Amino acid sequence: QAAQTQRESATAEYSSDDDDDDLIKRRNLEDVSVRDYKLGEIDSEDDEEIDSDEAFNDSDEERFRSYRLGSGGKATGSARSVRFEGDDSDDDEEHSESDLEEMDEDEGGAGLVDLSEMLDAGSSDDEDPADGKSNKGKGADAAESGLNVATDDSNDSDDDAFHGFDSDTSADSEDSAAEDSADSAIDASGDDAEKLKKLDGFVTSISARAPKHRFVSEAGGGTVENENTVGSGMHARGVTLGLDDLLGVLGDDSAQTEDGGEEKSAREMRVLREQVRAMEKTAKRSGSGVVSAPIPKRLQDQMDRKAAYAQTKKSISEWQAAVDANRAAEHLTFPMNDPGVRQVTTRAMVGDKTTKTAMEEQIQDILAQSGMTDEQQRQYEELELKQLSLEEVRTRQRDLRMMRELMFRSERKAKRTAKIKSKAYRRILKKDKDRAKEQALDRMKEDDPEMYEMVVEKLAKDRAEERITLRHKNTGKWAKAMAKRSHDVDTQQALRDQLSQHDALKRKIYDIGSDEEVSDYEAGKTTRAEDGQSDSDNDASFASIKGRALDKLSAEAATADDEIPADAPHKALFGMKFMQNAMQRKHEQASRDAQMMRDEFEALEADVDDDGRVVSVNRSSAQAAAAANNTKVENAGAPGRMSFGGGLKKRVQGDLSAVDDDATLQNHTESGSANDQATKRVRLNDAGQVAQVASGGGHRVHLSGPLSVDAVAKSSSREASGMDTDIDTARNPWLDESATAASNQRSANSKQLSKESTKLDKLSAKLREKRHDAASGKAESSQNVLLDMNQPLLLAKSKTRDSNSDDEQTSDEEAIKLEHIDAKSNAEKKLKAKTFSQRELVEQAFAEDDVVEAEFAAEKEAEMELDAPKTEDLTIPGWGSWGGAGLQPKKNKVIRKPVPGSGIEKSSRRDAKMGSVIINHRQLKTANKYYASNVPFPFTTSEQYEATMRMPLGKEWNTTKSHSKMIKPRVMAKAGRIIDPLSIPSKKRQ
Amino acid sequence: MKVKALSRSAADYARETKSNIQRLPRNVDPVLHPLERAREYKRALNAAKLERMFAKPFLASLGGHIDGIYAMAKNAWDLDHITTGSGDGEVRVWSLSRQETAWRAPGAHRGMVKGICNVPGGSTGRFLSVGTDKLAKVWSRSEGAVMADGTTPEPVATYNGKHAFGAVDHHRSRPLFATSSSLVEVWDVDRSEPIANLTWGADTVNTVRMNQTEVNVLASCGTDRSIILYDLRTNSPLAKLVMTLSTNAIAWNPMEAFVFATANEDHNVYTFDMRRMDHATNVLRDHVSAVMDVDYAPTGQELVSGSYDRSVRLWDAARGHSRDVYHTKRMQRVFCVKYTQDNAYVLSGSDDSNLRLWRARASERMGPKSNRERATIEYAEKLKDRYKHVDDVRKVLRQRNVPKAIKRASQTKHDMHASRRRKEENERKTARAGSKPRAPERSKAILGVTSK
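Those sequence lines, one after another, are chains D and U. Counting in the numbering used here, the first sequence runs from 8 upward without gaps. Counting in the numbering used here, the second sequence runs from 512 upward without gaps.
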């Protein structure tokens, strides 16, 4: 009953475990702080999950106390300390109790139960409900430990008995007695009699208590009393027989023997005592306390295996990456870690200076004999250095350093300047260069006039020759042919020269080509001309050049004449009739051209004369006028230049307005016979220009390609119809651009003029604008491009008219405008006609469109019909029925119904609702054999499978490279080679 | 007009030697090469047929033993030599290139020779043999008298065991070997007593195999249907796998350290990942009787197994069915098979006392090949592989003539399986939904795996 109450109180406690005071009171515990701590440690929820380590740690202190000899008083709770989980009947109570008891154990210092707890924690949960096994384990442990003699061997049989022990309150009172006795026994003073008495009392108390317990009567009743039963009895009363007790007894014995005079044993005992104390101390320090009983081997092995398995799994998983890589690899070549053929690098070969072959050795010997080996060379150089004085070496080094530094700097500077992209900078640079050249020339003029003249003459000569011989182009047919056929050195050399000249010229032209450049250049020239160079000089040189050119022309003509008959007999191809004809034609053409050129030169002479006058007039009268005019005039003086590069622009710029500007300017300045003069000048200018352009064009007929100048030239020479040229120019997109550019140019010019703000200029600009507006106003409806496109044509026309008949030289703006409009309207009309016809064509093409639809529908219907399931009439007339008069027609005809799925119903066709589509539903049965009957294993859809089959493998359908890549097998093993197991560097062989 | 006649010098088109093959200009214009699917299909079919036509896997039968061959060891460092032990205690070393016995020790053991393994280092030519006479002996091919008539070579060393040995295997690098008897013992070569006894409940351990990659791991299988893994570092068993029927042999995958294959009594070969043994990674099922031995190809991609049904089968390790089956009229129960270290041959030792040498790929021919030949073969292989699912090609490729017994047995087995499956399905239909879940084939034969 008492046990019952105790248990109840325990449960009550735990149900209200927050009430500490109450708890302490009832439990009659001494160490409140420790209890508090414990309470905090173990919650009622967690009590099942107490893990062994924790249990050990918590109880350590208490257990050591039990070790201590003087601390027997702490063993008050030890009567309650033994506790076995055997009561399966009431789980909840059991658990709460177990907690309580654990605390008790801690205080009482019964390490045994700790161990059992630990075992429980160590083993899995399902073993927790204590059975015979765990109890046995405890018993065994206790026996093994031999320190705490609180045994419970006999407890196996009956668990209920322990509850009796557990809750025996009466034991408490007796505990104190036993405790006392234990204390006194330990504090052996030497009072033997008293001790003996106490021991007697102790033993009798054990024997007296023992029969009271059901446990003893049941389990220990029949057994002889031995150390086990004694222990159990003591345990039952809550007395723990510890090491102290044993030692204490020994100590007594020693004391007794001491009396007998045996000091040796006493000394030994002292030593033993000290040892024990030392042990205690170390145990306390290390915190391990009582040596825990080893776990049963079976469990130990189990745990070992688990741990080892986990460890091995971990270590073997280091192969996973390598294995995965191999599994995913597209190709595997075995043996895997094959070093293969070593690639010998050049460096390695060079670095290897050991001689290998006999020849190498021989060479080495020779080198050594002649002192040319690397080593010898080095030594020689060192010696050389040694011969120099220190000062010399130093200066040499300094110089070298200086040189290197300077070189480095200049290099850097050059790099930097080369990177500069600024045009202005380049221009300045160029100007500097030119100036330097000029200065050099000037200097030469002062120093060595003869030389100077020679140089100048040479320069002029070179230039003129270049221009006249046209040795700067090789795009002509003839030049090309020559380039193709020429094998002799001379021709090649000539061609090369020609090319280089062309390059040089080109460079020159493009440099001058930009407007600023031109203006600068020209301004420079004019100034120079003004400075001192007489015009007569120019004229003279010009005349001489022209004369030379004419000579050359005639010479060319002569050679051309000679050429054909000379070549004819030699070559088989040229011997043929058609070739000869062609040659003849070519020859004639050439002679005609030459004649034309000659004529032009003659004309040029006259023009130049005129021009010369004009130039002078211009210079004197319109010095302040725009430089552009001067340029134009100047250009007129230098034939051909204008037509290159920016020539086109200039030509466009110098179209009507520019020309007319000149005229008007002239009108203004020379107010006298203004009209006549103007017209004349216009004519002259025009004529000059036309001549220029024509001459330029004359050259270009052979040499240059797409310049529209040709068209102009043509129109001027052949008087082609306006329409033709219109088409020509319209077809040429380049012209459009240039035209717009020209218009831009014009506006820019006008702005420039306004800046300069001379009255004259402003006036002229106004006039020009007015005219321009008038011209463009008419052409508002159409594009500007069209207008500009037509202009050169009109100019050409007017020019031709001018050149043809002086009567029509009105130079009237209105007339020109009219021309403009006429041309434009013509062009528009033509365009309109074109579009109309286009539309008509389309209409014609799709004239009977609806017929197609009907046809398609019929076709689709036929297709559907063909695919549809068919019924078959199998009736044979007269078959199976009587013949003769009065024959009744057979009622049930034999009609074979279509087999389900044999055809496709019209409604179930995929294209049933598609108006303009026919989908073929028929299968090509012959192709079936190329396809798998069902989707094979690794694939989930037929599309996937088909995708792998799509691309053919053969070399007929692949490049060699991709073919060989495709057919490369996954696993390749070299024949006759041992394939070692996989090894990875991270896994060293253990 | 002069007309020049076309003339060609013979040097332009005639070749000087046979090997001087002219480069043929090729035009890959698809118009010139129509019907690629049909043409490749035809090529694949032809390749398949040719493969079957040239499939002559049997190379040699090496006779000499008086009793059946029950133990065999390939030398991992020497391609030429193979060691066999027979039921009458004789040990022979064969030269495969000469196809004859290179060395023999009649009466090496009293009773059966149960296990043989080579000692690392090919040059020494040493090997270990264990027998039912409780002895483990180290032999040296170089030291013993080679084929000396009447004289029996003496072993280099002898170790006394307590029980009749079942198998032996040597550590890959260290001088350690493991034997199996009623327990697994680990021996140091220099000690007469085993340095470790590894035991975990089995009565008799049939086989022990050391992992050649993760070298300290070994596996054994016992008569209690268990497969046990051990680790030498911890000197303890790791885990135990119990199957429905006992395992006869184990082979570690040389390229995948944690994978091993087991030859089971239930006619199947199972492969396992040693880290997750609750299911097999693959089940290879084609044999119709107990599988007696299994070995991995050195590439780790293929397997060879020998069975009590008198056949040898070759497997792709990743597939469920054998890719080829080898048998001869005279070959009896196969007790040991090995894949040679160059991945080219297969060896089988059987009850009929003959060692047989097979090609690993039946229609493959050895010897040097020209580039064109190799390219053609590779192309044919690829085509076969590509079209293997197409009916005609599949039919040709899968066609094998097997002995009547095997044919009948496989038919019976198939029927049994089908009926069992049918029965299960029927039960499943009548049972409560979800009460009879389908057991995956890979874990059907596994009773459990534990570390306890």
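Where is the CB? At the ideal position from N, CA and C, for every residue including glycine. Just so you know, these numbers come straight off a predicted model, no measurement behind them.
Its Cα nearest to that of U/Ala-558, the residue U/Leu-894 stands out among U/Leu-894, U/Lys-963, U/Thr-594, U/Arg-702. Only buried fits U/Arg-867, as 16 or more other CB atoms lie within 10 angstroms of its CB. Cα atoms of U/Thr-594 and U/His-925: separation of roughly 37 Å, rounded to the nearest angstrom. Of the candidates U/Glu-601, U/Trp-614, U/Gly-632, U/Glu-601 places its Cα closest to the Cα of U/Gly-626. By DSSP's assignment, U/Tyr-781 forms a beta bridge with U/Thr-773, U/Val-794. Fewer than three pairs of CB atoms, one per stretch, sit closer than 8 Å, so the region 721 to 738 of chain U makes no contact with the region 639 to 647 of chain U. Annotation: U/Lys-553 to U/Asp-835 spans about 23 Å, alpha carbon to alpha carbon. Partner residues in the beta bridge of U/His-681, as assigned by DSSP, are U/Phe-688.
By the rule that beta-carbons nearer than 8 Å mark a contact, D/Glu-963 touches chain U. Around D/Ala-421, the same chain offers no residue with a beta carbon nearer than 7 Å, after the five sequence neighbours per side are excluded. Counting the other CB atoms within 10 Å of its CB gives U/Pro-748 a total of 16 or more, which places it among the buried residues.
When 8 Å is used as the limit between beta carbons, D/Thr-966 is near these residues of chain U: Val-539, in chain order.
Residue environment: D/Pro-988 is assigned as buried (16 or more neighbouring CB atoms within 10 Å of its CB, all protein chains considered). A distance below 8 Å separates the beta carbons of U/Arg-652 and U/Gly-636. Below the 8 Å Cβ cutoff, chain U contributes no neighbours of D/Pro-301, its closest Cβ being approximately 16 Å away. One Cα belongs to U/Pro-631, the other to U/Leu-709, and the distance between them is close to 23 Å. D/Val-298 has its alpha-carbon roughly 16 Å from the corresponding atom of D/Arg-284. Among the CB atoms of chain D, one or more fall inside 8 Å of the CB of U/Met-766.
The alpha-carbon of D/Arg-280 is positioned some 23 Å away from that of D/Ala-200. Straight across, the Cα-Cα distance linking D/Lys-291 with D/Asp-251 is about 16 Å. Only Asp-853, Asn-854, Ala-855 from the region 853 to 873 of chain U bring a Cβ to less than 9 Å from some Cβ of chain D. Distance from the CA of U/Ile-917 to the CA of U/Met-803, rounded to the nearest whole angstrom, comes to 16 Å. When 7 Å is used as the limit between beta carbons, U/His-900 is near these residues of chain D: Ala-939, Pro-943, in chain order. With the criterion set as a beta carbon lying under 9 Å from some beta carbon of chain U, the members of the region 975 to 987 of chain D are Lys-975, Pro-976, Arg-977, Val-978, Ala-980, Lys-981, Ala-982, Gly-983, Arg-984, Ile-985, Ile-986, Asp-987, in sequence order. Taken through DSSP and simplified to helix, strand or coil, U/Leu-868 comes out as strand. Across the region 731 to 749 of chain U, CB contacts with chain D closer than 8 Å involve Leu-740, Asp-742, Arg-744, Thr-745, Ser-747, Pro-748, Leu-749, in sequence order along the chain. Proximity of chain U to D/Met-956 at the Cβ level (cut-off 7 Å) is accounted for by Arg-897, in chain order.
Taking 8 Å as the threshold, the shortest C-beta distance from U/His-544 to chain D falls below it. For the region 284 to 362 of chain D, the continuous beta strand (DSSP E) assignments of 3+ residues that do not extend past its boundaries occur at 339 to 341, in sequence order.
For U/Asp-903, a Cβ of chain D is located within less than 8 Å of the residue's own Cβ.
Straight-line spacing of the CA atoms in D/Glu-862 and U/Leu-546 works out to 33 Å. Proximity of U/Ser-881 to chain D, defined by a Cβ-Cβ separation below 8 Å, is not satisfied. Secondary structure at U/Pro-568: coil, using DSSP grouped into helix, strand and coil. Contact between the region 767 to 782 of chain U and the region 814 to 823 of chain U is present: three or more C-beta pairs spanning the two stretches fall below 8 Å. With a contact defined as Cβ atoms closer than 8 Å, U/Glu-952 and U/Val-805 miss out at about 18 Å. In terms of beta-carbon proximity, D/Phe-341 lines the interface with chain U, with at least one pair separated by less than 8 Å.
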